[in-house]
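K.L.:
There are 4 protein chains.
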Amino acid sequence: MIVILKNHPDEAQLENLITWLTDQDIQVHPTVGASQTILGLVGDTSKIDMDLIAALDIVEDVKRVQEPYKNANRKFHPDDTVIKIGDTQVGGGNLTLIAGPCSVESEEQIVEIARAVKKSGATMLRGGAFKPRSSPYAFQGMHIEGIRLLLKAKEATGLPIVTEIMDGSQLPLFEDVDVLQVGARNMQNYALLRAVGTTDKPVLLKRGLSATYEDLLMSAEYIMAGGNNKVILCERGIRTFETFTRNTLDISCVPVLRQLTHLPIIIDPSHASGKANLVPPLAQAAVAAGADGLLIEVHNDPAHAKCDGPQSITPKAFDTLAKRLRNIKAACEAAE
Amino acid sequence: MIVILKNHPDEAQLENLITWLTDQDIQVHPTVGASQTILGLVGDTSKIDMDLIAALDIVEDVKRVQEPYKNANRKFHPDDTVIKIGDTQVGGGNLTLIAGPCSVESEEQIVEIARAVKKSGATMLRGGAFKPRSSPYAFQGMHIEGIRLLLKAKEATGLPIVTEIMDGSQLPLFEDVDVLQVGARNMQNYALLRAVGTTDKPVLLKRGLSATYEDLLMSAEYIMAGGNNKVILCERGIRTFETFTRNTLDISCVPVLRQLTHLPIIIDPSHASGKANLVPPLAQAAVAAGADGLLIEVHNDPAHAKCDGPQSITPKAFDTLAKRLRNIKAACEAAE
Amino acid sequence: MIVILKNHPDEAQLENLITWLTDQDIQVHPTVGASQTILGLVGDTSKIDMDLIAALDIVEDVKRVQEPYKNANRKFHPDDTVIKIGDTQVGGGNLTLIAGPCSVESEEQIVEIARAVKKSGATMLRGGAFKPRSSPYAFQGMHIEGIRLLLKAKEATGLPIVTEIMDGSQLPLFEDVDVLQVGARNMQNYALLRAVGTTDKPVLLKRGLSATYEDLLMSAEYIMAGGNNKVILCERGIRTFETFTRNTLDISCVPVLRQLTHLPIIIDPSHASGKANLVPPLAQAAVAAGADGLLIEVHNDPAHAKCDGPQSITPKAFDTLAKRLRNIKAACEAAE
Amino acid sequence: MIVILKNHPDEAQLENLITWLTDQDIQVHPTVGASQTILGLVGDTSKIDMDLIAALDIVEDVKRVQEPYKNANRKFHPDDTVIKIGDTQVGGGNLTLIAGPCSVESEEQIVEIARAVKKSGATMLRGGAFKPRSSPYAFQGMHIEGIRLLLKAKEATGLPIVTEIMDGSQLPLFEDVDVLQVGARNMQNYALLRAVGTTDKPVLLKRGLSATYEDLLMSAEYIMAGGNNKVILCERGIRTFETFTRNTLDISCVPVLRQLTHLPIIIDPSHASGKANLVPPLAQAAVAAGADGLLIEVHNDPAHAKCDGPQSITPKAFDTLAKRLRNIKAACEAAE
C-alpha cells in the first residue's frame, strides 16, 4: 500500500500515523521528494483499512498495490481450479457447454431440449425455475415445479443441471440441483453469497452489469470465505453507452481473469447480446479468447418462449455452433 | 407499443400476429410505407410481452410508448406522495435532512451525533447496523446491537431512524425501525423488494450503480405491487468512466424523476462523491435542482470512523451546510 | 418516423403539423388510443428534422425507424465493399493483417519491422508519423520524415502503408501514402472527414471512445458524402467503467456492423487493451467473430519504443499469432 | 511516480532501470517487502515516460503521483484565473451568463435574442455560425455570414460574442470574435488546440463526451503550452448508460475542477440535458455548486429553430431563470 501525503504534513500527525502502522506490524518506508512525500507500507496490508488512512488530514491519496482478494487470487493459488460435476469437469482445458431454455415451461419442453443439446455435445443443462424479471407483472418462473422438471430432464439425459437461486431461504429446494447460479443482479447480495458459501455445491457467479473485475472477484471471495471454493465466474455483458446490443460483452475479461484468478471463466453470449443472431459469433470469439465454456440459451420455439425469446437459438443452430466451437478450440491448441 | 416489421413480411405470419393481438383486446393500426410497415398497438399493452413479439421472424424491432410501471407513474397518480414519519414528512415541499454516521459504533457515538444533527435541523437519523462491505474481511456492522443503539439515540432525540436491511429474513429485527433502507447493491434483489413490500414501513430505495431511471422505478413498482406505497427514491451516484469521484452524481435525476413519478426523491452526496469536501457543493446543487431531501454522512471523528470516513463531514460542517441549504431553498421559492 | 403526441393535443397545432408534413410528401397515419395518439410517418423521412418536431408543444417523443445513414447502409447496398490496395484487398473474405510500430523511429527500425511482419503474413504496414498524444510535452512523431521512412519500408517490402492524418492541411504530405488513418479522437472532426472525403484514398476510420455504432456510421457517411466510398471501419476499444484494460474491446461490433453496413470492419486489439499479453487472445476473438482484419502494434524492442511500448508485441510473437489466426479463420469456414 | 516491480525481478534489469533513472536526475527510493518491491521516484518525473517503464519485463505497474498538467494546475498557480472580455469578466466570483441560439439564422433573430437576453442580465452572446452536426445532410450553419450577423448583434447590444471554430484554417474569419469555442467533439483535435493556442483570444473549451477531468485539463494544457492562458472550461454532459437525457450532467466537475485548476468553469445545461424543461433546474444546481457561469440556449421560437430546438428555452423563461440564479448565488454567499 502506498500513502501519498499532502505537502508539508503536520509532523505530529505523521508521527501518529507511523506509530499506528508499525504497531500493526507494518513497516513504513518514506520517500521524501521536494514537493511530495510518499510512504511505502510493507507487510500484511490486507488488515489495514485504506479508507481510514485516506480520511486523515495529512493524506492526499492512498493506492493499493496488493489485490484485496486472497482465496480467488492466482498469486497465492497458481494452479487452475478444476470443478468436477457429475461426469463432466469445468476448467483445466475442458470446453464446458451449458445449454437450455431461459425458463422451464413444461416437462415436454425441457426434456426435448435436454435431449437435443446433449446430442450436440452440451455438458450441462440450464433452465430457469425462479426468474428475476424487471417487472413484477411478468412471468416469474415455475418455481419448485420448474426444479422438479429439470430433474426429470437430468434423469432422461444424465446432464447435470444449473439453475438460479434468488434467496438464501430457497436453499432447501435446491438440494438436488448440481450447480447454483447467482444472477448478475444479485452479484453483491452478500446475504445470498454467504448462504451459497456454506454449501458444497458449485456456484456459477454472474458478473454484475457494472461490476469491475475486482468487484467480481471480491464476490467470489465472499463465497470462498465460507469454505466453498467451487466458484465458476460468468461474464454476461456489462452496461455501457452502446444500447444497440442489450449489454456489451467484455471479451477481454477472459485473458484478464485468467491472469488474476485460478477460477474457471465462462461466457454467456445470449444475455450479453440479447439477440439470437449475435450468439454464434460471440460464442466463437469466447472460445478463441480462451474461455472455459459457454452458457447458451436454446429454445425449441423461440418465438413462443415465455421469456427472452429473442436471444434464444434453436437446437439446430446450437448443433452447428457446437461443432464450430470444437473446431476453433482445436485450431487454437494446434497453433501453440 | 409500436411494432416495426421487416421488409416484405410473410403474409400468414402477419395475419397470425394481428389475430393474436386483437384476441387480447389490442387494436392494431398499420402504417404501410414503401420500405417499411409499422403497426401501432392501442389498448392495455402492459399485458403484452414485448420480448415475445420481438422474437418473431417478421419483426425488426418493438418500441414501447407507455412506461412499464403503473403504481409509481405520475401519469396515473398526478399528486405528489407525501410520507409521514413520526413528526416529519417526506415529500410535498418539505426539506428532509437525514444525517448520521455510516456505521453505528457505540452508544456514546450515535447519541452524540444524533443530538448534534438534530440541533442543526436534521429531521431523521441514519446509521448502519448491517453493513454491505465489498470485502468479506471488513467490518460488517454491529448488527442487532447497532439497531438497539439507534433506538437509544431515537429515545434521546425523538428523531426517526433509517437503517439498511440486507435480507428478508432480518425483518423481525427491524420492527422498531422507522424507515427500511434498501441499498444500491440490492436494488434488484427482488426477494428483498417483495419482502419489504409486505410491510407498512416507508422504504428508502437506493438507485443501483448502473440502474436507469426506468430500472429504479420498476424496483419501486415491485415494492408497491405488494401494497406498500411508501417508497422514497434515493440517488447516490452512478458508475461512469470518470473515477476521480467514487461515483458520478446524476443530478438530472431530480427533475426527470419529478416528472415521471409522484414519489419523493432524495440525494446522497456522501456516497456519490466519496469525498467529504465535495459533499457541501453537491448537497447545495441537489436542493437547487429541487430534491426533496438529502442523506448525509456525519461523523464526530471522521478519521477514526469504522467505515467510509473520507466521505463523512463533521457535525460542525453539517450545521453550516444545513443553514445554507435552507437559504438556497428559500431563494428558489422566492424567485417563482 | 413515429411521433408520439401528448395527451389531448391542441387541435389547431396538430392540424398544422399534419399539413406541414404532407406538404413535404410525407404521409401521416394516426393511431388513436384511449390514452395516447401516435402518428406513423411514411415517405422519405430523412429530409425531416426530428429535433424540430420534438420541440413542438404537442409532441411527447419522436422515434426514428429508418437509419440516418444511406451510403454506408447495407439495406441500400447489400454487397460487401471490397477495397483494393496495392496487391491486397480489404473485405470480401480476406484476412487483412496490418502490423507495425506505434511510431516510426528510424529507417533501420521501420524497415526491419516491415520485413519481419511481411514474412509472417502481414498485408500492410502501419506506423505513426504524426502522433496524437494526450500530453503536449510528449513525443509527437517524426512528421514528414516519418512518412519518408515509411515509404522506404514500402520500397523494401512492397507493403502498402497506413498512417494517421491529423488535419486537412496535411493532405499534400500524404500523397504517396496508401491508406489515410483518421484517429479515434478525430472521429467527429468533421472538417477532417470532409477533407479526406474529397480524396480517392482508402480511409481507415477509428471508432471514437464513446461513439455508438450509429455515430461511427454517420462519420463514415461524412466521408462518403464527399464521394469517397473506400472506408474501412476500425474498432479500438470503447470507454467504460472498467479501467483495468485501457479501453474495453467491443467485440459485438463485428457481427452488428456486418449487418448494418457493407463496409469492412477491422479490430485494433493493441489500443483496445493497452497490454501486449492481451493482444493475442483478443486478436483471436476478433477473427472468430468474423472481422475482416486486424491492426496490430509490433515493435522489435517494445521496452524502448518511443510510445505505447506496453501494448506492442514482438515480431516473433506476431509470427506465432498470425499462424494461429489463419488456423482459426479456416476452422470457422470449415464448420459452415 | 511509483514503480511496482514484479516478484523476484531480474537483478541486472533492475540495476539498469535505476541507473537510467538516476542519470535523469531522478532519485529512486526502494521499498522492499516480502512479496513486493516498490520504487518511489523523486524529482521532476514529468520528463519520464510512464509507458516506457511500464513496458519493462520486471515492472508490474506504474502509478503517477503528480498530475501531468502544469500550466493548468492549481498547485503551481494557486490564484483563480480571471479573464476580461469586453466589459465583463469570467472567473473570480462573477456569474457569467452566456445566452443565445444554437444557430444564427437571420439578423432579425439574432439581434432580437441578443437584446432580450441582455435585458435579462446575460453577459455574453452565443450563436453558432459553423455547426458540427452528426449528419452531413443536416443544416451546417450560415458560416461567415453567421459571424457577420453575430457582429451586428454585438454592435446593437455591446455583448461580446462566443462562437465555435471547427478548424485552424478558419482562424482569419474569427478575427472580430471575442471568444473562440472549441466543441466537445474537437476536444482532442490537437491541431485545432495548437492553432487556438497561438492566438490571444479567450477559448471556451468544451469537455468531450467521454473525457476525464485529466483529459480535459490536458487539452487546456495544449492550448496553454502555446502561450494562451485564457481558457474557460465548459462541462456539457458526459456519455453514460442513461439515455433518457441526451447526456448526463456531471455536476461534481465544478468542485473537483475548482480544486485541480485555477481556470474558470462554466456549465452548459442545454446540451447536457437536451430538453428545455430540464435547463432551469440544472442551471440552478450549477450555480449552487459554485460554477463561474452558464452557457444557455435561448431561442425566440424554439419550435422552428434550425437545430437543437428541444433544448432551447424562450427569452421569457431565461429572464425568470436569470433572476433565480442571482438569488441562489446570493444565498450561497450569505451563508458563508
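As given, the protein sequences belong to chains S, Z, F and A, one line each in that order. Residue 123 in our numbering is what sits at position 123 of the first sequence, and the numbering runs on without skipping anything. Residue 1117 in our numbering is what sits at position 117 of the second sequence, and the numbering runs on without skipping anything. Residue 2076 in our numbering is what sits at position 76 of the third sequence, and the numbering runs on without skipping anything. Residue 3240 in our numbering is what sits at position 240 of the fourth sequence, and the numbering runs on without skipping anything. For every residue, glycine included, the Cβ atom is placed at its ideal position computed from N, Cα and C. For clarity, every value in this text was computed on a predicted model and none was experimentally measured.
1. For A:SER3210, return the contacting residues in chain Z, with the cut-off set at a CB-CB distance below 7 angstroms.
2. So what's F:PRO2030 in DSSP terms, helix, strand or just coil?
3. Starting from F:THR2019, find everything on chain Z with Cβ-Cβ shorter than 9 angstroms and list it in chain order.
4. Contact criterion: CB-CB distance below 8 angstroms. Does A:ARG3353 meet it with respect to chain F?
5. Would you kindly work out how many angstroms separate the C-alpha atoms of F:VAL2090 and F:ALA2289, rounded to a whole number?
6. Answer yes or no: does any C-beta atom of chain F fall closer than 8 angstroms to that of Z:GLY1168?
7. Could you give the uninterrupted runs of the alpha helix (DSSP H) lying entirely in the stretch 149 to 173 of chain S, keeping only those of 4 residues or more?
8. So which residues on chain Z does A:TYR3137 lean against when the C-beta distance must stay under 7 angstroms?
9. CA-CA distance, F:SER2106 and F:LYS2152?
10. Applying a beta-carbon distance threshold of less than 9 angstroms, which residues of chain F neighbour Z:LYS1063?
11. What beta strand (DSSP E) runs, 3 residues minimum, are completely inside the stretch 54 to 133 of chain S?
12. If you compare alpha carbons, which of S:LYS323, S:ASN327, S:LYS329 and S:HIS299 is closest to S:ALA114?
13. A:VAL3179 lies in the beta strand (DSSP E); which residues open and close that run?
14. Is the distance from the Cβ of A:SER3270 to the Cβ of A:ILE3296 below 8 angstroms?
15. For F:GLY2168, which residues of its own chain have a beta-carbon under 8 angstroms away from its beta-carbon, when the five flanking residues on both sides are left out?
16. My parser needs the beta strand (DSSP E) runs of 3 or more residues fully inside the stretch 1212 to 1300 of chain Z; what are they?
17. Figure out for me which residue from F:ALA2184, F:MET2187, F:ASN2186 and F:VAL2162 has the closest Cα to the Cα of F:GLU2175.
18. Step through the CB atoms of chain S and report whether any lies within less than 8 angstroms of the CB of Z:PRO1310.
19. Please list, in chain order, all residues of the same chain as F:ARG2133 whose beta carbon is under 8 angstroms from its beta carbon, the five residues on each side excluded.
20. Check each residue of the stretch 3180 to 3201 of chain A: if its Cβ is closer than 7 angstroms to any Cβ of chain D, include it; give the result in chain order.
21. Closer than 9 angstroms by beta-carbon distance: list the chain A residues that pair up with Z:ASN1228, in chain order.
22. Quick check on the burial criterion: 16 or more other C-beta atoms within 10 angstroms. Buried or exposed for Z:GLU1015?
23. Quick one: residues in its chain with C-beta nearer than 8 angstroms to the C-beta of S:GLY183, no 5 flanking neighbours on either side, listed in chain order?
24. Between Z:GLN1188 and S:ARG185, which are expected to be in contact by the criterion C-beta below 8 angstroms, what is the C-beta distance as a whole number of angstroms?
25. Please confirm whether F:SER1960 has its beta-carbon closer than 8 angstroms to some beta-carbon of chain A.
26. Short check: CB of Z:SER1135 to CB of S:SER210, under 8 angstroms?
27. Would you mind sorting F:LYS2333 into buried or exposed? The rule is 16 or more other CB atoms within 10 Å of its CB.
28. I'd like the span of the beta strand (DSSP E) that includes S:GLY197, first residue to last.
29. By how many angstroms is the C-alpha of S:ALA283 removed from the C-alpha of Z:ASP1057?
30. Tell me, to the nearest whole angstrom, how far the beta carbon of Z:MET1218 is from that of Z:ASN1071; I am working on the premise that it is less than 8 angstroms.
31. Counting only the same chain and skipping the five closest in sequence on each side, list residues whose C-beta sits under 8 angstroms from that of A:ALA3303.
32. Return no unless some Cβ of chain A is closer than 8 angstroms to the Cβ of S:GLN36.
33. Give me, in chain order, the residues of the same chain whose beta-carbon lies closer than 6 angstroms to that of S:LEU216; leave out the 5 immediate sequence neighbours on both sides.
34. Can you name the start and end residues of the beta strand (DSSP E) that S:ILE38 belongs to?
35. Start and end of the alpha helix (DSSP H) containing S:LEU17?
P.N.:
Well, looking at it:
1. PHE1241
2. If DSSP states are grouped into helix, strand and coil, F:PRO2030 belongs with the strands.
3. Chain-order list of chain Z residues neighbouring F:THR2019: empty, with the shortest C-beta distance near 18 angstroms, by a criterion of under 9 angstroms.
4. The requested residue 3353 of chain A is not part of the displayed model; chain A covers only 3001 to 3336.
5. 17 angstroms
6. no
7. none
8. Those within 7 angstroms of A:TYR3137 in chain Z number zero; the least Cβ separation is about 18 angstroms.
9. 11 angstroms
10. ILE2002, LYS2063 and VAL2065
11. 59 to 63, 83 to 85, 88 to 90, 96 to 100 and 124 to 126
12. S:HIS299
13. 3179 to 3182
14. yes
15. ALA2191, LEU2192, ARG2194, ALA2195 and VAL2196
16. 1231 to 1235, 1265 to 1267 and 1293 to 1297
17. F:VAL2162
18. yes
19. PHE2139, GLN2140 and CYS2307
20. The structure shown contains no chain D; its protein chains are S, Z, F and A.
21. The premise fails here: Z:ASN1228 is roughly 26 angstroms from chain A at the closest Cβ pair, so nothing lies under 9 angstroms.
22. exposed
23. PRO132, GLU164, MET166 and LYS206
24. 4 angstroms
25. Outside the shown range of chain F, which is 2001 to 2336, sits residue 1960 of chain F, and nothing can be said about it.
26. The Cβ-Cβ distance between Z:SER1135 and S:SER210 does not fall below 8 angstroms.
27. Per the sequence shown, the amino acid found at residue 2333 of chain F is Glu instead of Lys. Answer is exposed; the Cβ neighbour count stays below 16.
28. It is not in any beta strand (DSSP E) - S:GLY197 instead sits in the alpha helix (DSSP H) that spans 190 to 197.
29. Their backbone Cα atoms lie some 22 angstroms apart in a straight line.
30. Rounded, the Cβ-Cβ distance is 11 angstroms, inconsistent with contact.
31. GLY3309
32. yes
33. ARG207
34. 37 to 42
35. 11 to 23
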